[in-house]
Amino acid sequence: MFPAPIQKSSRAWQLTYQGLLPLALLMWLAPLVAVAIFSMKPDSDFTTGNYWGLPSSFEGFSNYGRVFFESDMPRYLLNSVFITVPTVIGAVGLSCMTGFALGVYRFRGNLWIFFMFVAGNFVPFQILMVPVRDLTLQMGLYNTITGLVLFHIAFQTGFCTLFMRNFIRALPFALIEAARVEGVAEWRIFWYVVLPLMRPAIAALSVLIFTFIWNDYFWAVVLTQGVESQPVTAGITSFNAQYRAAYHLMSAGSIVAALPPVFMFFLMQRHFIAGLTLGATKG
Numbered sequence: 001m002f003p004a005p006i007q008k009s010s011r012a013w014q015l016t017y018q019g020l021l022p023l024a025l026l027m028w029l030a031p032l033v034a035v036a037i038f039s040m041k042p043d044s045d046f047t048t049g050n051y052w053g054l055p056s057s058f059e060g061f062s063n064y065g066r067v068f069f070e071s072d073m074p075r076y077l078l079n080s081v082f083i084t085v086p087t088v089i090g091a092v093g094l095s096c097m098t099g100f101a102l103g104v105y106r107f108r109g110n111l112w113i114f115f116m117f118v119a120g121n122f123v124p125f126q127i128l129m130v131p132v133r134d135l136t137l138q139m140g141l142y143n144t145i146t147g148l149v150l151f152h153i154a155f156q157t158g159f160c161t162l163f164m165r166n167f168i169r170a171l172p173f174a175l176i177e178a179a180r181v182e183g184v185a186e187w188r189i190f191w192y193v194v195l196p197l198m199r200p201a202i203a204a205l206s207v208l209i210f211t212f213i214w215n216d217y218f219w220a221v222v223l224t225q226g227v228e229s230q231p232v233t234a235g236i237t238s239f240n241a242q243y244r245a246a247y248h249l250m251s252a253g254s255i256v257a258a259l260p261p262v263f264m265f266f267l268m269q270r271h272f273i274a275g276l277t278l279g280a281t282k283g
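Residue numbers for the sequence shown follow the working numbering, beginning at 1 and rising by one.
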């Protein structure tokens, strides 16, 4: 049973909805606006207690200039790129193959293998913190970009497989059967028949995984330390001084760190929406 569209609701409920929507939007945007204002304030505003008022002087160019040219923020951003891009390629690439195998072939144990892929998503990360850290130390991958990439690929492949397997099972199986009748090899069926149909799903999944990995803070702190391997989410804390945090620089760094996922979404928006809504109107 799905909720009725707002256009079919009573007039009173429509007015209530229209009144609450701007309020919810303001509540959602309030923290972002506060961080943006913080990033334009001088350091003196925080020492004098001017946390929520307007800036006493506009220091936006100075703050962002210090973030880019007087800190390690460019290196942290580059580390995030080196971590996020290979993870997206690896996780989405593996999930396309595992999703094809689990979605197309019927064999004994198919459901159990699929369950193993999905089960890892229900394990809290905090439980895995110590064993994963010990494993990376034993393998010599602690505090390395490679170790963080391999770890993210391993954990994201489960969710990606769930997404891809369900997407592939919704495709018309007659296309695969027709290709088999023509004697097309299985890998060619995957590459030339199934994969082109998966492009909306690949685009939607790539945006989701890019956002997840870029914004990851927990594992960035657990598995890395130092400017040589930490991503931008963990590197922002480098603006913390010994006795006081540089909130104006941390806010500017936060805005800079949030821009790549936003650009990624708007760049892939059409494909992202198509991938999420594909099949939603089928009977």
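Virtual Cβ for every residue (Gly too), placed ideally from N, Cα, C.
Residues of its chain near residue 236, where Cβ-Cβ distance is below 7 Å and the 5 sequence neighbours each way are ignored: 250, 253, 254, 257
Assigned exposure category for residue 79 - 16 Cβ within 10 Å defines buried: buried
Neighbourhood of residue 280 by C-beta distance below 6 Å, restricted to the same chain and skipping five residues each side: Residue confidence for residue 280 is low, a pLDDT of 46 falling below 50, so the modelled location carries little weight and cannot support an answer.
Inter-residue CB distance, residue 137 and residue 150 (contact presumed, cutoff 8 Å): 14 Å between Cβ atoms; not a contact.
Rounded C-alpha distance that separates residue 44 from residue 87: 41 Å
Sequence-distant residues of the same chain with beta carbon closer than 8 Å to residue 97, five excluded per side: 190
Exposure label - residue 57; buried when at least 16 CB within 10 Å: exposed
Residue span of the alpha helix (DSSP H) that contains residue 161, given as start and end: 145-169
Neighbourhood of residue 175 by C-beta distance below 6 Å, restricted to the same chain and skipping five residues each side: 193
DSSP-derived helix/strand/coil call for residue 91: helix
Sequence ranges, beta strand (DSSP E) only - wholly within the stretch 54-86, length at least 3: none
Residue from 123, 201, 216, 240 whose Cα sits closest to the Cα of residue 231: 216
Nonlocal neighbours in the same chain, by C-beta distance under 7 Å from residue 66, ignoring five residues either side: Cβ-Cβ distances below 7 Å link residue 66 to 249 in the same chain, with the five nearest sequence neighbours on each side left out; the list follows chain order.
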